[in-house]
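Every number in my numbering is 399 more than the matching position in the sequence shown, counting from 1.
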Amino acid sequence: MVPKADSGTFLLLFLLVLSITEPLRPELRCTPGQFACRSGTIQCILPNWQCDGWPTCEDESDEVDCPGLTGDQRTYHGKENVDSRYNRGRGETT
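Given below as structure tokens:
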């Protein structure tokens, strides 16, 4: 006769099977000092690429909530203001 398993035994057995079948994955996080994009996928960028006027993250979250800027103006590498209505490097209006 097989003894009945209680819920604790079932839980331990379930966790054992899960730990064996779940592939080992490295922890996916940005390193300290990097900006983590908000897209849900792991995408890390250098902090000086945040609020530089050039969207780097797939979801463009690196250009959201930038301090001291209004409208279409953004800082360019933290040094000067540029108007995003101009094409990058061409000076042509869009």
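Don't be surprised by glycine CBs; every beta carbon is placed ideally from N, CA and C. From a predicted model like this one, the values you see are computed outputs, not experimental measurements.
Inset, instruction - Report yes or no: do three or more beta-carbon pairs, one from the segment 454-469 and one from the segment 432-440, lie closer than 8 Å? - result: Pairwise C-beta distances place the segment 454-469 in contact with the segment 432-440, as three or more of them are shorter than 8 Å.
Inset, instruction - Find out if the Cβ-Cβ distance for the pair L445, Q433 is shorter than 8 Å. - result: Position 46 of the sequence shown, counted from the start, is the residue given in the question as residue 445. Position 34 of the sequence shown, counted from the start, is the residue given in the question as residue 433. The answer is yes: Cβ separation under 8 Å.
Legend entry - Straight-line gap, V416 to C436 (C-alpha atoms, nearest Å): For the purposes of this step, residue 416 is taken as residue 17 along the sequence shown, with counting starting at 1. For the purposes of this step, residue 436 is taken as residue 37 along the sequence shown, with counting starting at 1. One C-alpha to the other measures close to 34 Å.
Inset, instruction - Would you tell me roughly how many angstroms separate the C-alpha atoms of D449 and T408, rounded to the nearest one? - result: Along the sequence shown, read from residue 1 onward, the residue named residue 449 stands at position 50. Along the sequence shown, read from residue 1 onward, the residue named residue 408 stands at position 9. Inspection of the sequence shows that residue 449 is occupied by Gln rather than by Asp. Roughly 50 Å between the two C-alpha positions.
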